[in-house]
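Participant: Residues in the sequence shown are numbered from 197 upward in steps of one, following the numbering used here.
The structure is given below, and queries will be raised subsequently.
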Amino acid sequence: MAWFALAVAGLFEVGWAVGMKYTDGFTRLWPSLATGAAMIVSLYFLSLAVRTLPLGTAYAVWTGIGTVGTVILGIVLFGEPADVLRLVCIGLIVAGIAGLKLLAA
Numbered sequence: 197m198a199w200f201a202l203a204v205a206g207l208f209e210v211g212w213a214v215g216m217k218y219t220d221g222f223t224r225l226w227p228s229l230a231t232g233a234a235m236i237v238s239l240y241f242l243s244l245a246v247r248t249l250p251l252g253t254a255y256a257v258w259t260g261i262g263t264v265g266t267v268i269l270g271i272v273l274f275g276e277p278a279d280v281l282r283l284v285c286i287g288l289i290v291a292g293i294a295g296l297k298l299l300a301a
């Protein structure tokens with residue numbers, strides 16, 4: 197259950213990271229409220245995950261999910277570059293997440 201909570205936390209981290217782009221510096225009410233809510237939900241589920249998972253592992257996986265998801269959505273939604281070297285680096289992050297999951301199992 198802790199890994200599920202961590203995955204949910206990571207997905208909400210992606211949500212608030214992308215949401216910040218839409219807040220226009222927290223000057224737009226509804227995107228700002230949604231982003232703030234996503235931050236709270238993300239941290240809540242992270243706190244559930246660290247009850248049983250090692251803190252360092254949970255934090256690294258949480259930020260990794262957030263990083264990978266945010267980069268992918270940046271490419272898809274905002275036309276950010278998707279060159280080969282950038283994608284290889286994202287693949288390395290995914291490999292690190294998988295390795296941490298395997299080692300903590």
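Glycine included, each C-beta is placed from N, C-alpha and C at the ideal position.
Can you look up V267 in the DSSP assignment and give me helix, strand or coil?
Facilitator: Here residue 267 corresponds to residue number 71 of the sequence shown, with the count starting at 1. Three-state DSSP puts V267 in a helix.
Participant: From the DSSP output, in three-state form, read off V246 for me.
Facilitator: Along the sequence shown, read from residue 1 onward, the residue named residue 246 stands at position 50. Correct three-state label for V246: coil.
Participant: Compare the beta carbon distance of A234 and G211 with 7 Å and say whether it is the shorter of the two.
Facilitator: Position 38 of the sequence shown holds residue 234. Position 15 of the sequence shown holds residue 211. Yes. Within cutoff.
Participant: So what does DSSP say about A200, is it helix, strand or coil?
Facilitator: Translated into the one-based positions of the sequence shown, residue 200 becomes position 4. In the sequence as displayed, the identity of residue 200 is Phe instead of Ala. Reduced to three states, the DSSP call for F200 is helix.
Participant: Could you have a look at P227 and say whether DSSP puts it in helix, strand or coil?
Facilitator: On the sequence shown, residue 227 is found 31 positions in, with the first residue counted as 1. Correct three-state label for P227: helix.
Participant: Does the beta-carbon distance from A198 to T248 come in below 7 Å?
Facilitator: One-based indexing of the sequence shown puts residue 198 at position 2. One-based indexing of the sequence shown puts residue 248 at position 52. Less than 7 Å divides the Cβ of A198 from the Cβ of T248.
Participant: Quick one: Cα of L281 to Cα of G260, how far?
Facilitator: Taking the sequence shown and counting its residues from 1, one reaches residue 281 at position 85. Taking the sequence shown and counting its residues from 1, one reaches residue 260 at position 64. If you take the alpha carbons of L281 and G260, they lie about 17 Å apart.
Participant: Should the stretch 261-277 be regarded as contacting the stretch 289-299, the criterion being three or more beta carbon pairs within less than 8 Å?
Facilitator: yes
Participant: Can you give me the C-alpha to C-alpha distance between L202 and G232, rounded to a whole angstrom?
Facilitator: The residue given as residue 202 occupies position 6 in the sequence shown. The residue given as residue 232 occupies position 36 in the sequence shown. Computed Cα separation, rounded: 18 Å.
Participant: Is A205 near S238, with beta carbons less than 7 Å apart?
Facilitator: As a working mapping, residue 205 is identified with position 9 in the sequence shown. As a working mapping, residue 238 is identified with position 42 in the sequence shown. Yes, the Cβ-Cβ distance between A205 and S238 is below 7 Å.
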